[in-house]
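What follows is a set of notes on a single structure, which appears directly below.
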Amino acid sequence: MYNWTLDNRTSNFNLSRKIIHAIDAESNFANDIQNTKFIETWAKYNDIEIYTNLDLVSDIFRNPFIRNNKIIDMFLLHVPLEQLTLHSLFPFVFEILFQPSLEVANALQPILQAIENGYMFTCIHLRMGQNPSNPLDDRFQDRSSAVKDIIDFLNRTNLRKMRNTRVFIASDSEQVVSNIASQFPNQTITIPGPILHIDRPADGTNLVHGFLKICNKVGITLKD
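This is the structure:
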């Protein structure tokens, strides 16, 4: 539906471009979103690139200078202001803007079919460290019992006995995936292929909204 590819080699260099890097903290960017007519200011640029993991959704809707924006009005007409958060809007905006490739759609089909068939979906994310795709990644020594703790928790909640439960496993350790999958041999869903990790330049809270969109329960470990 949308082509988001930006080829710098073929772009018209006469076009004006604004690039914003705001990872974990950027006071000037946050202030622009909260208190200025940033839409009008940015309108003079042909291309705008924003790299951020900040949650500024509520600030946008509370910005007094853009309350007359048609898109803002559309949301405010149907949703109370206090409910207009990143958590609530992420699934909606994500589905509008991004359409999966055929390869991704085919890979997700078994998971989506399981949900449609009435299964509960439990997600497990275990970050152990020493990711094979990151040679500089540290190993987290305090997580030696993480797999056992997760399995014990799942057993206490009787998930092993609930045949309508499917368990999705994501980890930077193949051994972790294998150990948990062996405990739920007919209930496990995972993604085959190499383990990759998108690192961040500084610590912060990962709200995992992508998981929360489709999961009934989520078990995660802190990044570091």
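Heads up: the sequence shown begins at 48 in our numbering, then just goes up one per residue. Here a beta-carbon is modelled for each residue, glycine too, at the ideal position from N, C-alpha and C.
Residue i, buried or exposed, once every other Cβ within 10 Å from all chains shown has been counted against 16
| i | result |
| --- | --- |
| Asn-115 | exposed |
| Val-151 | exposed |
| Arg-213 | buried |
| Ile-118 | exposed |
| Phe-231 | buried |
| Ala-72 | exposed |
Backbone CA spacing between residue i and residue j [nearest angstrom]
| i | j | result |
| --- | --- | --- |
| Ser-105 | Asp-94 | 24 Å |
| Asp-120 | Thr-235 | 43 Å |
| Met-175 | Phe-215 | 17 Å |
| Gln-130 | Val-140 | 15 Å |
| His-134 | Gln-188 | 32 Å |
| Asn-75 | Gln-156 | 42 Å |
| Phe-145 | Asn-202 | 37 Å |
| Glu-87 | Phe-108 | 16 Å |
| Ile-197 | Ile-70 | 31 Å |
| Ala-77 | Pro-138 | 23 Å |
| Asn-233 | Phe-85 | 52 Å |
| Thr-204 | Met-167 | 13 Å |
Same chain, Cβ closer than 7 Å to residue i, five either side skipped, listed in chain order
| i | result |
| --- | --- |
| Leu-62 | Asn-93 and Asp-94 |
| His-68 | Tyr-98 |
| Leu-136 | Val-104 |
Nonlocal neighbours in the same chain, by C-beta distance under 8 Å from residue i, ignoring five residues either side
| i | result |
| --- | --- |
| Lys-65 | Trp-89, Tyr-92, Asp-94, Ile-95 and Glu-96 |
| Leu-124 | none |
| Ala-193 | Leu-173, Met-175, Val-223 and Thr-268 |
Beta-carbon spacing of residue i, residue j below 8 Å
| i | j | result |
| --- | --- | --- |
| Asn-211 | Gly-240 | no |
| Ile-227 | Ala-154 | no |
| Thr-83 | Phe-122 | no |
| Ile-80 | Asn-100 | no |
| Val-223 | Leu-159 | no |
Residue i - containing beta strand (DSSP E), residue span
| i | result |
| --- | --- |
| Asp-94 | 94-99 |
| Lys-65 | 64-69 |
| Ile-41 | No answer is possible for residue 41: it lies beyond the span of the chain, which begins at 48 and ends at 271. |
Cβ of residue i within 8 Å of any chain C Cβ
| i | result |
| --- | --- |
| Pro-147 | Judged by its chain identifiers, the structure shown contains no chain C, having just a single protein chain. |
Boundaries of the alpha helix (DSSP H) in which residue i is found, first to last residue
| i | result |
| --- | --- |
| Arg-203 | 193-203 |
| Arg-109 | 104-109 |
| Leu-123 | 117-125 |
| Phe-168 | Careful: Phe-168 lies outside any alpha helix (DSSP H), inside the beta strand (DSSP E) at 167-173. |
Same chain, Cβ closer than 6 Å to residue i, five either side skipped, listed in chain order
| i | result |
| --- | --- |
| Arg-186 | Gly-176 and Gln-177 |
Any non-hydrogen atom of the ligand ADP within 7 Å of residue i CB
| i | result |
| --- | --- |
| Glu-221 | Among the components of this structure there are no ligands whatsoever, and the ligand ADP is therefore not found. |
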